[in-house]
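Input: a single structure, listed below in structure tokens.
Residue numbers (our numbering): 323 to 491.
See below:
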């Protein structure tokens with residue numbers, strides 16, 4: 323604890339509580355301990371000629387960076403989806419589009435689905451299923467857009483023509 327205070331004074335980190343800094347150092351130390359422990363267990367398994375278990379440990383070690391990258395992709399995707407949905411909802415409310423909240427939530431769901439699929443592809447989990455799912459979803463969204471345009475296209479075109487006529491006058 324005294325080393326923590328020494329470093330806090332040295333780096334001028336007086337605004338953070340010491341327990342928070344000590345907890346962060348403890349967390350980093352625990353991660354280093356786990357890494358060293360896994361390396362020693364893997365070497366022990368190799369020395370005992372238990373190559374099956376050693377291979378499993380090695381694959382597990384190589385899986386963790388992919389897991390971290392996929393979690394980062396999913397997290398950033400969630401943030402992007404939330405920001406896009408909020409922006410789209412504000413824009414649709416400003417334009418007096420009915421069911422703006424529903425449309426923004428559907429778009430948020432599509433974004434989350436897209437980034438979830440990216441995370442699954444990064445993990446090499448069910449790559450073919452993700453491709454089939456994407457094709458199905460985008461074909462369905464395209465079909466829904468065509469139906470929506472066919473149902474509301476005439477009203478929308480009249481609304482656009484009406485605003486153009488008013489601007490010309």
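Glycine is no exception: its CB is placed at the ideal position from the N, C-alpha and C atoms. Please read these numbers as outputs of a predicted model, since none were measured by experiment.
With residue i and residue j assumed to form a contact (beta carbons below 8 Å), what rounded beta-carbon distance in angstroms separates them?
i	j	result
residue 399	residue 346	Residue 399 to residue 346, Cβ: 27 Å. No contact.
residue 367	residue 379	6 Å
residue 422	residue 411	5 Å
What would DSSP say about residue i, mapped onto helix, strand or coil?
i	result
residue 504	The requested residue 504 does not occur in the structure, where the chain is confined to residues 323 to 491.
residue 418	coil
residue 387	helix
residue 370	coil
residue 480	helix
residue 352	helix
residue 359	helix
residue 445	coil
Hey, residue i and residue j: beta-carbon distance below 8 Å or not?
i	j	result
residue 441	residue 402	no
residue 409	residue 445	no
residue 425	residue 435	no
residue 360	residue 383	yes
residue 455	residue 439	yes
Could you tell me if residue i is buried or exposed, where buried requires 16 or more neighbouring beta carbons within 10 angstroms of its beta carbon?
i	result
residue 481	exposed
residue 354	exposed
residue 407	buried
residue 349	exposed
residue 430	buried
residue 297	The structure shown does not extend to residue 297, since the chain spans only 323 to 491, so no value can be given for it.
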